[in-house]
Amino acid sequence: MHSEKLSSTTGEGRKSSKPIMEKRRRARMNASLAELKALLLEVMKKEGARHSKMEKADILEMTVKHVRQLQRQHFSVSANEDPTIINKYRLGFNECATEYLKVLHVFHQIF
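Under full-length UniProt numbering, the first residue of the sequence shown is numbered 1, with each subsequent residue one higher.
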């Protein structure tokens, strides 16, 4: 009898804490989105663009676009500092293409 009462009490506790946990999760997501928006607006201000009202999807899309741009810049800077990076990339690409052609040839022979 005591264990039944205890389990129902903890079950009710979980049910009542679930909305609180969801509220906290949403608050964290909204805080992070607000921070991303502020960072994006700062970058966009430097670029001369104006977007003060953005939806959450806009913020995420623009963040992805900006991170990709930063990655490209980082790669081009790295390539300028170390020319062997481009050669390594080309060698890796050629090796991959060769392996792909081998697999394609075997696959073509099977069918």
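Note that beta-carbon positions come from the ideal geometry of N, C-alpha and C, so glycine has one too.
The structure presented is a predicted model; accordingly, all values stated were derived computationally and were not measured.
Proximity of residue i and residue j at Cβ, strictly below 8 Å
i	j	result
residue 33	residue 56	yes
residue 37	residue 21	no
Three-state secondary structure assigned by DSSP to residue i
i	result
residue 62	helix
residue 22	helix
residue 29	helix
residue 44	helix
residue 55	coil
Run of the alpha helix (DSSP H) containing residue i, from where it starts to where it stops
i	result
residue 107	84-110
Where residue i falls, given that 16 or more other Cβ within 10 Å makes a residue buried
i	result
residue 40	buried
residue 62	buried
residue 86	exposed
residue 110	exposed
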